[in-house]
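Novice: My questions will all concern the structure given below.
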Amino acid sequence: MQGVIERTGIKQRVPAKGKKKSAVSGGQTVLPLEEGGRGRSFFHRWSAAGLILLASVLAVLFVANAIHVNDLLRNVTSVEAERDEVRRENERLRAELTRLMSVEQITERAAAIGMIQPERPPIGLSPKGDQKRIRE
37 MQGVIERTGI KQRVPAKGKK KSAVSGGQTV LPLEEGGRGR SFFHRWSAAG LILLASVLAV
97 LFVANAIHVN DLLRNVTSVE AERDEVRREN ERLRAELTRL MSVEQITERA AAIGMIQPER
157 PPIGLSPKGD QKRIRE
């Protein structure tokens, strides 16, 4: 037993449930066409094209973002290396400053330019005009 579907005056044969497909139709089931089928396939084609376009734009944005992140990481690495170099230079300068401020270094340099050690402590002047000896 085969059922008959009628749509807009066209009759199509569709196999009834439970029966095997006939060899005449080549093993394919005939589906009834809906009205406006052409408009629907047009919409499907454009939506598929739009999805492909959207996926390609997202892929391009992802790759561009990865390249930008790599550039930023390279810049951060170079800035960190520069920072470490400046810190080492700063520590070297602090060590040299401490060495130059030592008492031995100051007395040695003073003697080299002809300065002598005073026999008595210097006299300090106050704003009132009083003279006081500065303690060593």
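If you count by this note's numbering, then the sequence shown holds residues 37 to 172, one letter each, in order.
All C-beta atoms in this analysis are idealised placements derived from N, C-alpha and C, irrespective of residue type, glycine included.
1. Helix, strand or coil, according to DSSP, for I159 in the structure here?
2. Alpha carbon to alpha carbon, how far is V112 from S83?
3. Alpha carbon to alpha carbon, how far is L89 from V96?
4. Which first and last residues belong to the alpha helix (DSSP H) in which Q141 is found?
Specialist: Quick look at the numbers:
1. strand
2. 43 angstroms
3. 11 angstroms
4. V139 to A148
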